[in-house]
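K.L.:
So that we are looking at the same thing, I have put the structure below in structure tokens.
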Amino acid sequence: MYHARVQDEDGKPSPRRRPGELAAHVLNTLAEAGRPLSPGELLELLDPPGSLSYSAVVTTLTRLYEKKAVTRERAGRAYRYTAVTDPSALVAWRMSRLLDADPDHTSVLTRFVSALDEEDEQTLRRLLGEG
């Protein structure tokens, strides 16, 4: 369900969402649908009903498409969207979102690499060497 909100300084629910909360909810809803959805169809499935505007859903879907977290296909004048079904692609997208949440990418990446086991670190080094 999609009910968690950011709290203000008094601990009361704020009308603002946590960063990435809407995108995660949209991805989960698309995955649960199991078929391509138009923004309007998706809007009808999101909880709580009426909590989002059509343009907010379209903007979120467009950003997810740009980040390769969803695919889309033309359906008349609109698009129908599908969540990426490859689990590794979804994990990679989530990792990217976490990195984007911190302005100090160097520190985050340094700590990430230092936490890897030797095999994963070698895989990462090999992949970077191929680029």
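Read in order, the letters of the sequence shown correspond to residues 4 to 134 in this note's numbering. Even glycine gets a Cβ: it sits at the ideal position worked out from N, Cα and C.
For Tyr68, which of Thr113, Thr85, Ser54, Tyr57 has the nearest alpha-carbon?
P.N.:
Comparing Cα-Cα distances from Tyr68 to each of Thr113, Thr85, Ser54, Tyr57, the minimum goes to Thr85.
K.L.:
So is Ala1 buried or exposed if we call it buried at 16+ other beta carbons inside 10 Å?
P.N.:
For the chain, the structure presents residues 4 to 134; residue 1 sits outside this window and is missing.
K.L.:
State the Cα-Cα distance for the pair Tyr77 and Leu49, rounded to the nearest angstrom.
P.N.:
Per the sequence shown, residue 77 should be read as Arg rather than Tyr. Taking the straight line from one Cα to the other gives about 22 Å.
K.L.:
If you check the beta carbons only, do Leu102 and Ala72 fall under 8 Å apart?
P.N.:
Taking 8 Å as the Cβ cut-off, Leu102 and Ala72 do not qualify as a contacting pair.
K.L.:
Let me check understanding here. Comparing Cα to Cα, which of Thr32, Arg20, Gly53, Arg21 lies closest to Thr88?
P.N.:
Ranking the options by Cα distance to Thr88, first place goes to Thr32.
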